[in-house]
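Here this note's numbering is used: position 8 in the sequence shown is 8, and no number is missing along the way.
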Amino acid sequence: MLIPRLGDEPGAPFPPSSEALDEPNGLLAGGGDLSSQRLLNAYRRGIFPWYSEDSPILWWSPAPRCVLYPQNVYISSRTRRRFNTGRYRLSVNRAFPEVIRACAEPRPGDHGTWITPGMEQAYIDLHGMGHA
């Protein structure tokens, strides 16, 4: 199984998503970095990084993909009543670094996590730019 290797320049193009492997589903390329420019270029094309700390950066674009349109999400009246009791509070972008650090912690019984320190910092940087 050979996959394209991305160049070191953050603006280096990704291969077309149509070239992603069927097995493993969606593996598209390896290498590159987690610069903000590369991540933004990737997400605009439906591509995302997913790898473990002891492997090179792997880029994925699996099929099929799930897209949720907020205007089409159905919330049952029972769930809506539960949210409207005042017991819950919804906030956005109040603690991004703390949330991503908590998500990066291995779950009980797991030895690692896919959110590597480099990935954690890359997403904190994106958030600081107003993109995450």
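We treat Cβ as the ideally placed atom computed from N, Cα and C, and that holds for glycine. Since we're looking at a predicted model, the values are computed, not measured.
Item to complete: Provide the residue(s) that pair with residue 48 in DSSP beta bridges, ordered along the chain.
Response: 60
Worksheet item: What does a CB cutoff of less than 7 Å around residue 127 pick up in its chain, not counting 5 residues either side in sequence?
Response: If we look at residue 127 and ignore the five residues flanking it on each side, its Cβ neighbours are 96.
Practice prompt. To the nearest angstrom, report how far apart residue 58 and residue 17 are at their CA atoms.
Written response: 14 Å
Fill in: For residue 29: DSSP bridge partner residues
59
Worksheet item: When the Cα of residue 133 is compared with those of 106, 40, 68, which residue comes out closest?
Response: There is no way to answer for residue 133, as the model of the chain reaches only from 1 to 132.
Worksheet item: When you compare only the Cα positions, how much space is there between residue 121 and residue 6?
Response: 21 Å
Worksheet item: Helix, strand or coil for residue 65 per DSSP?
Response: coil
Practice prompt. Work out the CA separation of residue 62 and residue 20 for me, nearest whole Å.
Written response: 7 Å
Worksheet item: Hey, would you say residue 42 sits closer than 7 Å to residue 4, going by beta carbons?
Response: Between residue 42 and residue 4, the gap from beta carbon to beta carbon reaches 7 Å or more.
Discussion item. Taking a contact to mean a Cβ-Cβ separation below 7 Å, would you say residue 27 touches residue 60 in this structure?
Written reply: yes
Practice prompt. Leaving aside the five residues before and after residue 80 along the sequence, list all residues of the same chain whose C-beta is less than 8 Å from its C-beta, in chain order.
Written response: none
Worksheet item: Skipping 5 residues on each side, what residues in its chain have a beta carbon closer than 8 Å to that of residue 105?
Response: 113
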